[in-house]
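Read in order, the letters of the sequence shown are residues 226 to 355 in this note's numbering.
All residues carry an ideal CB built from backbone N, CA and C; glycine is no exception.
This one's a predicted model, so the numbers in the text were calculated from it and none came from an experiment.
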Amino acid sequence: MARGRRIVAPSAAEEGRGPWSAAHSVTYQEGTFRNSQPFELPSTTFATVSTPGDYRIPGLSRVYVASTYAYQGSRWSAALRPRWQSEQSGTGLGGYHIPSQGVLDAQLGYRRGRGSVVLNVGNALNRFSF
226 MARGRRIVAP SAAEEGRGPW SAAHSVTYQE GTFRNSQPFE LPSTTFATVS TPGDYRIPGL
286 SRVYVASTYA YQGSRWSAAL RPRWQSEQSG TGLGGYHIPS QGVLDAQLGY RRGRGSVVLN
346 VGNALNRFSF
């Protein structure tokens with residue numbers, strides 16, 4: 226049985242300040258398998274079994290922070306979206322951990338009449354991400 230708590234604290238900053246806008250959110254989430262007995266198959270010959278208990282859900286970061294900074298003009302638009310998440314367990318038994326990671330996405334757009342062109346660049350800093 227999986228059980229979790231999630232707290233989200235979004236906020237919008239300085240809306241209505243002309244063509245500029247910003248929005249931020251912080252999420253804290255806790256997820257565990259309660260009273261469970263996870264097992265993992267590290268190879269084809271044997272399985273690793275643990276004792277019954279509460280285990281963190283693998284692949285779930287506890288803290289996630291995201292922001293958006295945007296400009297919307299009459300023809301041009303641009304946005305930057307930095308995001309960060311805390312480390313996460315790679316396995317139910319804590320065999321390895323995926324380190325915290327941050328990513329910056331960028332967007333540039335142009336609009337004229339009924340047509341528009343948008344260029345999205347994911348991971349603009351080309352940082353290694355798991």
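- For R300, no beta strand (DSSP E) run applies, since DSSP gives it neither H nor E.
- Within the same chain, A303 and L344 come within 7 angstroms of L333 by CB-CB distance, once the 5 residues on both sides are set aside.
- Annotation for T257: the continuous beta strand (DSSP E) segment containing it runs W245 to S261.
- Nearest to T316 by alpha-carbon distance, out of Q326, F258 and Q297, is F258.
- With fewer than 16 other Cβ atoms from the protein chains shown falling within 10 Å of its own Cβ, P244 counts as exposed.
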